[in-house]
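Shown next, in structure tokens, is the structure this report addresses.
In this note's numbering, the protein residues as written are 259 to 421.
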């Protein structure tokens, strides 16, 4: 494992705090529940930051998710990664998959954001973008909602909920 980054200060800390405040636990729970339903994996779906990162950080669940959406789309994933390098590799394989599905680059998270538990909002944005694309193809989508069914929870961010 690589050495941890130093603690951010000044503008860096302000940016990190703003990114952290954008993450919505309800949305995280909905996305984890969607992944659980698609993969059939027995995972904890509570949307806390800690659980969201724990479930997705090593990329194995995301690779399984991709393979359920398009069978054999990711064949070289590490089944039991044990290093940051292997986590990053799995996440990059997932990012390549979502690119092939049409998720725009500007709507994709960076692998380091998940590995270092930084910009969780961007991970949610990526998964929601994939969900919208799959919905248009008549495939699975978080909570099977229509893209027009959005509820504003007053956090400044909109979250998809079953209506």
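For glycine and all other residues, C-beta sits at the position ideal for the given N, C-alpha and C.
Same chain, Cβ closer than 8 Å to residue 299, five either side skipped, listed in chain order: Taking the first residue of the chain shown as 1, we reach residue 299 at position 41. Hits under 8 Å: 293, 319, 322.
For residue 368, three-class secondary structure by DSSP: Locating residue 368 in the chain shown gives position 110, counting from the first residue. Three-state DSSP puts residue 368 in coil, outside helix and strand.
Whole-Å CB distance - residue 316 paired with residue 339, under 8 Å assumed: Translated into positions along the chain shown, residue 316 becomes position 58. Translated into positions along the chain shown, residue 339 becomes position 81. Yes, they are in contact, since the Cβ atoms of residue 316 and residue 339 sit about 5 Å apart, within 8 Å.
Residue 315 (DSSP reduced to helix, strand or coil): To locate residue 315, count along the chain shown from 1; it is residue 57. Here residue 315 sits in coil by DSSP.
Contact check, residue 332 vs residue 351, beta carbons under 8 Å: For this step, residue 332 is matched to residue 74 along the chain shown. For this step, residue 351 is matched to residue 93 along the chain shown. Going by C-beta atoms, residue 332 is nearer than 8 Å to residue 351.
Inter-residue CB distance, residue 348 and residue 336 (contact presumed, cutoff 8 Å): Taking the chain shown and counting its residues from 1, the one referred to as residue 348 is at position 90. Taking the chain shown and counting its residues from 1, the one referred to as residue 336 is at position 78. Right, the Cβ-Cβ distance comes to about 6 Å (below 8 Å), so this counts as a contact.
Endpoints, the alpha helix (DSSP H) within which residue 390 is located: Translated into the one-based positions of the chain shown, residue 390 becomes position 132. Here the alpha helix (DSSP H) through residue 390 covers 378 to 394.
Residue burial classification, residue 304 (beta-carbon count within 10 angstroms, cutoff 16): Taking the first residue of the chain shown as 1, we reach residue 304 at position 46. By the 10 Å Cβ count, residue 304 comes out exposed.
Where the alpha helix (DSSP H) containing residue 347 begins and where it ends: On the chain shown, position 89 is the one that residue 347 refers to. Run containing residue 347: 342 to 358, per the alpha helix (DSSP H) assignment.
Residue from 390, 324, 382 whose Cα sits closest to the Cα of residue 287: Position 29 of the chain shown, counted from the first residue, corresponds to residue 287. Of 390, 324, 382, the residue nearest in Cα terms is 382.
Counted within 10 angstroms of its Cβ, other Cβ atoms place residue 285 as buried (16 or more) or exposed: Residue 285 sits at position 27 when you count from the first residue of the chain shown. Classification for residue 285: buried.
Integer Cβ distance of residue 311 from residue 375, believed to fall under 8 Å: Along the chain shown, one-based indexing puts residue 311 at 53. Along the chain shown, one-based indexing puts residue 375 at 117. Yes, they are in contact, since the Cβ atoms of residue 311 and residue 375 sit about 5 Å apart, within 8 Å.
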